[in-house]
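Chemist: Dumping the structure here so I can ask a few things about it.
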Amino acid sequence: MGAAMEIVGSFVVLLGAFFLFSAGLGVLRMPDPFTRIQAGTKATTLGNLLVLAGLGIHHPDWALKLLVIAGFVLMTNPVSSHALSRAAHRARTPMAPTTGADALREDEAADGSGNAGSAPAQAP
Amino acid sequence: MKLTSKDVISIGSPTLFILLFVLWAIVNASLEPALIVAGVAVALAITRLFSGRERSWSGRIWRSLAVTPRALWHFLAYLGIFLIELVRANVGMLRYVYARHIDIHPGVVKVETRLASPLGRLALANSIALTPGSLVLGLEGSVLYVHWLDVRTSDREEATRQIVGPFEKHLEAAFG
Numbered sequence: 114m115g116a117a118m119e120i121v122g123s124f125v126v127l128l129g130a131f132f133l134f135s136a137g138l139g140v141l142r143m144p145d146p147f148t149r150i151q152a153g154t155k156a157t158t159l160g161n162l163l164v165l166a167g168l169g170i171h172h173p174d175w176a177l178k179l180l181v182i183a184g185f186v187l188m189t190n191p192v193s194s195h196a197l198s199r200a201a202h203r204a205r206t207p208m209a210p211t212t213g214a215d216a217l218r219e220d221e222a223a224d225g226s227g228n229a230g231s232a233p234a235q236a237p
Numbered sequence: 003m004k005l006t007s008k009d010v011i012s013i014g015s016p017t018l019f020i021l022l023f024v025l026w027a028i029v030n031a032s033l034e035p036a037l038i039v040a041g042v043a044v045a046l047a048i049t050r051l052f053s054g055r056e057r058s059w060s061g062r063i064w065r066s067l068a069v070t071p072r073a074l075w076h077f078l079a080y081l082g083i084f085l086i087e088l089v090r091a092n093v094g095m096l097r098y099v100y101a102r103h104i105d106i107h108p109g110v111v112k113v114e115t116r117l118a119s120p121l122g123r124l125a126l127a128n129s130i131a132l133t134p135g136s137l138v139l140g141l142e143g144s145v146l147y148v149h150w151l152d153v154r155t156s157d158r159e160e161a162t163r164q165i166v167g168p169f170e171k172h173l174e175a176a177f178g
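Taken in sequence, the protein lines are chains A and B.
Count along the first sequence from 1, then add 113; that gives the number in our numbering.
Count along the second sequence from 1, then add 2; that gives the number in our numbering.
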């Protein structure tokens, strides 16, 4: 285990921390919940992966476990973003004033019933 | 194996069993006989619980998974494309986050997918959430509602096709 590897690993962790910081800044700066979720989801995923990769360089014997954690982060992070954004949309959270068309709202309105947005998704 | 009137109950999906057992082995980081026996028992129980009934919802999903070399290759190709898109998404996001003035024009766009399997659709929706400027708001049957960060940058339909296209090809081969 050379000192060079430790420096490389620390640098990768630092890069991951930078992306995590950017995600936090994005959540603060973006105009509405949906764009905030976008900023949060993407940057935290890559940030987490880089931190895990950096740890893997520090401790090669942890590599498989870290890979499993990375897999779980990749599977669960987007799912939570769907859940949050869909809930926000159903609660009629206002979108940023610059927002253009909203195909989901239009389709719900086209369904006729006033509570189309609260009906559970139908499995075929 | 036991046959009831309509439902076939069996051990379940071998794919799920192997997945669970490998997970167990990695988490324990040891190949002691006692641990292997315990792992096989737990993995068998969970496999039977979640994919034992052929006609149950999760049973059908797991049984439709066939791990062939071709499916595996397409899954790896999908992972490669996905990681490249993830990095691109982050670089794009950094541009917005550190811009002096955040000038975006979001919108929600409707996209059709030709993927039929629930796992394939799940993987597609998850991938879209992590690719540049897009987020899946809803999934109804074969229709995805995608929230775009900036709909001005390019033709929405064309951009959507560009995002969904490469994933769809590989996911279709991997999950059916």
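Just so it is clear, CB atoms sit at the ideal spot from N, CA and C, and this is done for glycine as well.
I'd like to check one pair, residue 192/A with residue 128/B: are the Cβ atoms closer than 8 Å?
Modeler: Within the second sequence, the letter at position 126 stands for residue 128/B. Within the first sequence, the letter at position 79 stands for residue 192/A. Yes; because the gap between Cβ atoms is below 8 Å, this pair is in contact.
Chemist: Use the C-beta contact count for residue 19/B: other C-beta atoms within 10 angstroms, 16 or more gives buried, fewer gives exposed.
Modeler: As a working mapping, residue 19/B is identified with position 17 in the second sequence. In summary, residue 19/B is buried, with 16 or more beta-carbon neighbours lying within 10 Å of its beta-carbon over all protein chains present.
Chemist: Spatial neighbours of residue 140/B within its chain, please: CB distance less than 6 Å, with the 5 preceding and 5 following residues excluded, ordered by chain position.
Modeler: The count along the second sequence starts at 1 and reaches residue 140/B at position 138. 147, listed in sequence order.
Chemist: Note down, in chain order, each residue of its chain lying with its Cβ closer than 8 Å to the Cβ of residue 110/B, except the 5 sequence neighbours on either side.
Modeler: For the purposes of this step, residue 110/B is taken as the residue at position 108 of the second sequence. Closer than 8 Å at the Cβ level, and outside the excluded window around residue 110/B, lie 139, 147, 148, 149, 150.
Chemist: Out of 140/A, 203/A, 183/A, 159/A, which one is the CA nearest neighbour of residue 127/A?
Modeler: Position 14 of the first sequence, counting from 1, holds the residue named residue 127/A. Closest option to residue 127/A, Cα to Cα, is 159/A.
Chemist: In whole angstroms, what is the alpha-carbon distance linking residue 155/B and residue 62/B?
Modeler: Locating residue 155/B in the second sequence gives position 153, where the first residue counts as 1. Locating residue 62/B in the second sequence gives position 60, where the first residue counts as 1. Annotation note: pLDDT 48 at residue 155/B (below 50); position unreliable, coordinate value reported separately. Looking at the two C-alpha atoms, the distance is approximately 41 Å.
Chemist: Considering only C-alpha positions, which residue in the set 114/B, 97/B, 40/B is nearest to residue 23/B?
Modeler: Mapped onto the second sequence, residue 23/B falls at position 21. Nearest of 114/B, 97/B, 40/B to residue 23/B, Cα basis: 40/B.
Chemist: What's the gap between the Cα of residue 21/B and the Cα of residue 164/A?
Modeler: The count along the second sequence starts at 1 and reaches residue 21/B at position 19. The count along the first sequence starts at 1 and reaches residue 164/A at position 51. Taking the straight line joining both Cα atoms gives about 25 Å.
Chemist: Measure from the alpha carbon of residue 174/A to the alpha carbon of each residue in 47/B, 32/B, 17/B, then state which is nearest.
Modeler: Counting from 1 along the first sequence, the entry for residue 174/A is found at position 61. Cα-wise, what sits closest to residue 174/A is 32/B.
Chemist: If we cut at 8 Å on Cβ distances, does residue 149/A have a partner in chain B?
Modeler: Taking the first sequence and counting its residues from 1, the one referred to as residue 149/A is at position 36. It does not: the Cβ of residue 149/A has no partner Cβ on chain B nearer than 8 Å.
Chemist: Assuming residue 216/A contacts residue 146/A under a Cβ cut-off of 8 Å, what Cβ separation, rounded to an integer in Å, is found between them?
Modeler: Locating residue 216/A in the first sequence gives position 103, counting from the first residue. Locating residue 146/A in the first sequence gives position 33, counting from the first residue. Wrong, their Cβ atoms sit about 18 Å apart, outside the cutoff.
Chemist: Counting only Cβ pairs nearer than 7 Å, list the residues of chain B close to residue 132/A.
Modeler: Walking along the first sequence from the start, residue 132/A turns up at place 19. Within 7 Å Cβ-Cβ: 92.
Chemist: Pull the bridge partners of residue 114/B from the DSSP assignment, please.
Modeler: Translated into the one-based positions of the second sequence, residue 114/B becomes position 112. Per DSSP, 145/B.
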